[in-house]
Structures are given as structure tokens and as C-alpha cells.
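**Q** Mapping of the sequence shown onto the working numbering: residues 32 to 288, in sequence order. For each residue, glycine too, the CB sits at the ideal point set by N, CA and C.
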Amino acid sequence: MSIAFFDSGVGGLSVLHAAMQRLPGEQFIYYADTDNVPYGTKTHAEIRKHVLGAVEFLMSKEIKALVIACNTATSVVVKDLREKYSLPIIGMEPAVKPAVELSSGRKILVCATDRTLSEDKLKHLIKDLDADDKVSLLSLQELVDYGENFDFNSSMLMAYLNDKLGTIDWSTYHSIVLGCTHFIFFENIIRDMIPHNIKIIDGNTGTINRLISLLGSSDSHSAKASALCDYYISGREVSSIYFDHYMRFLTELNIPQ
Ligand code: DGL
């Protein structure tokens, strides 16, 4: 039985890559809904329809757990999925909780897609943590397209990020939360653009920890992402070659798990 990972596109590969390192004995399925990416600029109803369709397809495979490796899809539809299906479903949400816990009262910048930022799920999360006055929100929606185009160094990308992050007065901030799985690919670029004392926090490690504990598997921190994976693009099986350059890029990024 496989563990399925779902995302609108290549963002969830950052979560898959980490899972493959920690669960090298498992078999994985990765489903990118590339025909419909980006999700973040779509309506709640459109995203719901796309995700329900993709998950129905995944349920026809032999899977033992489903990771919605997409903050946007999770904020729209994870509740419906959990009501409909009985297997373990792990969603992702911007890691505001760990950021608030670590921040000692300083501010947090939560970056996510347009849709994640406008959904109630994030608003409730911030309210429940009593963190309204500590959290600032910033859409980095265009990073999704840069990521899909494998553009991690053009001058347009740099200008976009500089425009978004370069004008912030970081002196009152503790951390930046990368609340979209596509944003992980830009972590090193972001690191170089913001002051060194600002922490960069994402939800990937927490998601894999949750997956491992739900499966009761043992965790084996391998240096290489060597597990087996079948890949699908919007319901069509494709060769791993489609995503190899992203997986190599993630290995080079060497993000600690
Ligand atoms: N990777 C996704 C996320 O974590 C969605 C990006 C998009 O399709 O806009 O939110």
C-alpha cells in the first residue's frame, strides 16, 4: 500500500522529498494537479471541485494514507475529505502555532497564497492562538508560477521578492512562516534577503512527523530520497523524469528535516 501526496503542482514535492528521506522503505504516489495550477487565485468552489476529483482518483489506488501537501487545498477542503474517507488524511496549514510559541511576543510574517489568506481556517487559527496583533499576512502568490516554471534565479523573480520582502522593517519581527509548499523552493533566496536573526519556519517537518506517528512507522533519516514513487499529473501517469530536476534541486537545497 502506498502513501499518496497531493498538491496543485510541484510544491508538494518538497514534502514528498522530506518523507522519502525519512521513510525510505515506503512506496509513494505523487499527484500534481498541474492542469489546474495555481489554486491560490481560484475560488473556494473551484478548488473544492478539483481536489475532490483528484482525491477520488487517488482512492482508486491502493493507498494507506493521504497527505494534502498543499496549504491552499487543505484550508478549503480537508474537513470534507475527512468526513468522506476513513483513511488517515494529513493536511497542511501555515505553521503559525510553532512560530507563535517560539516568538517571545515578537511579530510573525505569514506568507501564503491569496486563497489561504482569505479562508476562514487561517483566520480562526490566528484568533484561537490570540495572535491577531502579532501576525502580519503577505501573499507571495506569484512564487507559485515561478516555481512551476522552475525559475529560481531570474532577475524578475529577484525583483518580485525584493519588492515584497525588501521594504519590510524587520526589527520587530521574530520569524517568517512559509505557508505554501511551493515557497520552500525559495527558502535559500529568502534567507539571503532577510536579516539573519529572522527564523524561517515551514510546516514540512511537522507534517512528516504527523504522518509517521499516524502510520506507526519508524523514522530512518536517510541522506538520500531513495524511496519508490509513481507520479501523476491531473490523473495521467507520468515518468519520474517530469519531476527529477525538482527532486535534485531539493537535495541541493539541503533543508534540515
Ligand atoms: N502549493 C500550494 C500551497 O501550499 C498551492 C499553490 C497554488 O496552487 O496556488 O498552498
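(1) Determine the burial state of A85: buried for a count of at least 16 other Cβ atoms within 10 Å of its Cβ, exposed for fewer.
(2) List the endpoints of the continuous alpha helix (DSSP H) containing F274.
(3) Per DSSP, which one or two residues make a beta bridge with E107?
(4) How many angstroms separate the CA atom of H75 from the CA atom of L97?
(5) If I follow the unbroken beta strand (DSSP E) through L168, where does it start and stop?
(6) Within 7 Å: the Cβ of Y177 and any heavy atom of the ligand DGL?
(7) Spell out the partners DSSP gives D38 in its beta bridges.
(8) Following a CB-centred definition, is N180 positioned closer than 7 Å to any heavy atom of the ligand DGL?
(9) Run the proximity test for T144: is its beta-carbon closer than 7 Å to any non-hydrogen atom belonging to the ligand DGL?
(10) In terms of residue numbering, what span does the alpha helix (DSSP H) encompassing R241 cover?
(11) Candidates L245, H155, G136: which alpha carbon is nearest E124's?
(12) Write down the C-beta distance between A49 and F59 rounded to the nearest angstrom, noting that I regard them as a contact closer than 8 Å.
(13) Between which two residues does the beta strand (DSSP E) containing I139 stretch?
(14) Using a threshold of 7 Å, is the CB atom of N240 nearer than that to any non-hydrogen atom of the ligand DGL?
(15) Looking at G210: is its Cβ nearer than 8 Å to the Cβ of A162?
(16) Would you say the beta carbon of S39 is closer than 7 Å to some non-hydrogen atom of the ligand DGL?
(17) Where DSSP assigns a beta bridge to C260, which residues make up the other side?
(18) Report the residue from Y262, N240, D200, V107 whose alpha carbon sits nearest the alpha carbon of L153.
(19) Is the beta carbon of V131 closer than 8 Å to that of I120?
(20) Would you identify the three-state DSSP class for V46, choosing helix, strand or coil?
(21) What residues are listed by DSSP as bridge partners for A96?
(22) Output needed for Y263: all residues of its chain with C-beta closer than 6 Å, excluding positions within five of it in sequence on either side, in chain order.
(23) Going by the DSSP bridge assignment, what does K230 pair with across the sheet?
**A** In short:
(1) buried
(2) 272 to 284 is the extent of the alpha helix (DSSP H) around F274.
(3) Correcting the residue type first, residue 107 is Val in the shown sequence and not Glu. According to DSSP, V107 bridges with nothing at all.
(4) Spanning the two alpha carbons is a distance of roughly 21 Å.
(5) 166 to 170
(6) no
(7) A63
(8) no
(9) yes
(10) DSSP places R241 inside the alpha helix (DSSP H), whose first and last residues are 235 to 246.
(11) H155
(12) About 12 Å; that fails the 8 Å criterion.
(13) 138 to 143
(14) no
(15) no
(16) yes
(17) Note: C260 sits in a beta bridge opposite F59.
(18) V107
(19) With a cutoff of 8 Å on beta-carbon distance, I120 and V131 are scored as not near each other.
(20) Note: V46 maps to helix in three-state DSSP.
(21) I34
(22) Y62
(23) By DSSP's assignment, K230 forms a beta bridge with S206.
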